[in-house]
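**Student:** All residue numbers for the sequence shown refer to this note's numbering, where the first residue is 849 and numbers rise by one.
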Amino acid sequence: MALEADGNKLRLQDVLEKPSNETCADCGNPAQQRRSSDLCKGRTDELFPAERNQQSSEAVGKMFVETPKKTGKKTPAGSLMEMGSFVGSSVPYMTVEPDWASLTLGVFVCQACSLLHRSIPHISQVKSVQDTWEESEVELMAAMGNGAAKAKYEQKVPAFYYRPTHTDCKLLREQWIRAKYERNEFEFIEKQEPYSAGYREGFLWKRGRDNGQFLSRKFVLSEREGALKYFNKQDARDPKAVMKIETLNATFQPAKIGNPCGLQITYLKDNSTRNIFVYHSDAKEMVDWFNAIRAARFHYLQVAFPGASDEELVPKLTRNFMKEGFMEKTGPKHTEGFKKRWFTMDDRRLMYFKDPLDAYARGEVFIGSKENSYTVLAGLPPSTQGYHWNHGITIVTPDRKFLFACETEAEQRDWIAAFQRVINRPMRPQEYAVEAHFKHKP
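(1) Thinking just about the alpha-carbon of each residue, which of Leu1076, Glu982, Leu1149 is nearest to the one in Arg1065?
(2) If the criterion is Cβ atoms closer than 8 angstroms, does the pair Arg1142 and Thr1166 meet it?
(3) For Arg859, which of helix, strand or coil comes out of DSSP?
(4) Can you tell me where the beta strand (DSSP E) with Arg1065 in it begins and where it stops?
(5) Closest by CA to Leu1205, which one among Asn1059, Cys961, Lys1039?
(6) Among the candidates Ile1215, Asn877, Trp948, His1182, whose CA atom is the shortest distance from the CA of Val863?
(7) On the DSSP letters alone, give me the boundaries of the alpha helix (DSSP H) that Asn994 sits inside.
(8) Three or more C-beta pairs under 8 angstroms: does that hold for the segment 1124 to 1138 against the segment 986 to 1002?
(9) With DSSP run on the structure shown, which of helix, strand or coil describes Trp948?
(10) Pair every Cβ in the segment 1209 to 1218 with every Cβ in the segment 1104 to 1123, then say whether three or more of these pairs are closer than 8 angstroms.
(11) Taking the beta carbon of Ile1271 as the centre, do at least 16 other beta carbons fall within 10 Å, making it buried, or is it exposed?
(12) So, using beta-carbon positions, are Gly1234 and Phe1186 closer together than 8 angstroms?
(13) Helix, strand or coil for Gln1150, going by three-state DSSP, please let me know.
(14) From the DSSP secondary-structure annotation, give me the bridge partner or partners of Cys1254.
(15) Quick test of your reading: Glu1176 and Lys1164, contact by CB under 8 angstroms. State the CB separation rounded to the nearest angstrom.
(16) Quick one: measure Cβ to Cβ for Leu860 and Val977, integer angstroms, because I've assumed they're closer than 8 angstroms.
(17) Would DSSP call Pro1229 helix, strand or coil?
(18) Which whole runs of the beta strand (DSSP E) in the segment 1124 to 1185 are 3 residues long or more, in chain order?
(19) Quick one: is Ser967 buried, meaning 16 or more other Cβ sit within 10 Å of its Cβ, or exposed?
(20) Counting along the chain, where does the alpha helix (DSSP H) carrying Arg966 start and finish?
(21) Closer than 8 angstroms is the cut-off here; do at least three beta carbon pairs connect the segment 1279 to 1286 with the segment 1248 to 1257?
(22) Classify Ser868 as helix, strand or coil using the three-state DSSP reduction.
(23) Would you grab the beta carbon distance between Asn1168 and Thr1223 for me? Rounded to a whole angstrom, and I think it's under 8 angstroms.
(24) From Gly926 to Gly855, what does the alpha carbon distance come to, in whole angstroms?
(25) Considering only their Cβ atoms, is the gap separating Lys1249 from Ile1243 smaller than 8 angstroms?
(26) Give the DSSP-derived three-state secondary structure of Lys1202 in the structure shown.
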């Protein structure tokens, strides 16, 4: 029986090491480092069988180390997966999370996605690769695997449809999993109509610009009109706002908005950024709106850039902000007192707000490239006064210097890295036009 179990583990290890199975089938999260002995981690009797280890007593002695919390207790090596490796021994590297598999779908997934699979038990039954496997289960996984599953469940994914990664919010990852395995949207094109039709209308909860209350508003997305519109009243003939698809962007912001389905929509109005915060109580409905916006953007860009490939256009459909957070800033004279503001880095636009959910930025700064005399420096000029946070940043532009202060050194490093990524990137022709027409509000 033990020999059969060992054989199944080795066979499963072979299946896991196929290139198509090295990342999570749903979010692309890289697989953990695997060794055949890792499949029984946590079981010291299997990791160190006496007949295979002539120095078993010495090895067992090394299997106990001080716990990270300094409790004074000893912890067996089998429960130290979170520490990454065994201290003072040559035990193979142990990783933080085990890999998981869906026995019904035949895919290998990461731990985070396995939790989402558990929400659809009628579709997917998950099992840890660390458990004991039957031969029939191993053969099932060998017959399917991530490559074959992708060919089946993702065969007709539209180019514009957002494929979430392990860094995306739970909402996007869960609806991607449900779309593939529960609704079979990418096997039957007719199931893609909600976001592929070129027209969509419905009601979303929208945050009021002035009072901050969320009220139900009618939204209409029309590719033919090239715009997303919303109406303050259900029977209103004229829209309250018209957002051109040309400058439209959407990014999920559940934490900032305070709702798991929270979506931030931005567009340019008189060359300034306007924010709209919306949500829907139904997760599928909100993700359908998001992908409908991406579809509209995709078809707009296909017309605007007829020679561009899908691979070139897809990254331009929607974008997440490079970085957001609080910093202090001073005015153009550098003698004004520093004020705490919420900053958003959206590609080359650095915007600052009094509140993270403000509709309009108090000011916007264009961040160009180093070839055009833009630089970022750690620290503030020696004569600077009035700041409360000690970790300064100076942005040098052709026109002036912008002074900021961060609360922590870690935040300072992250902001400098974000600025540097943009500054190191050469400007595209259309970005020169943006720079020329840019309006900064001091």
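All residues carry an ideal CB built from backbone N, CA and C; glycine is no exception.
**Tutor:** Taking the geometry as given:
(1) Leu1076
(2) yes
(3) helix
(4) 1062 to 1070
(5) Asn1059
(6) Trp948
(7) 993 to 1001
(8) no
(9) strand
(10) yes
(11) buried
(12) yes
(13) helix
(14) His1239
(15) 33 angstroms between Cβ atoms; not a contact.
(16) 6 angstroms
(17) coil
(18) 1171 to 1177
(19) exposed
(20) From DSSP, Arg966 is part of no alpha helix (DSSP H); its letter is neither H nor E.
(21) no
(22) helix
(23) Asn1168 to Thr1223, Cβ: 25 angstroms. No contact.
(24) Reliability fails at Gly926, whose pLDDT of 33 lies under 50, so the model's placement of it is uncertain and no value is given.
(25) yes
(26) coil
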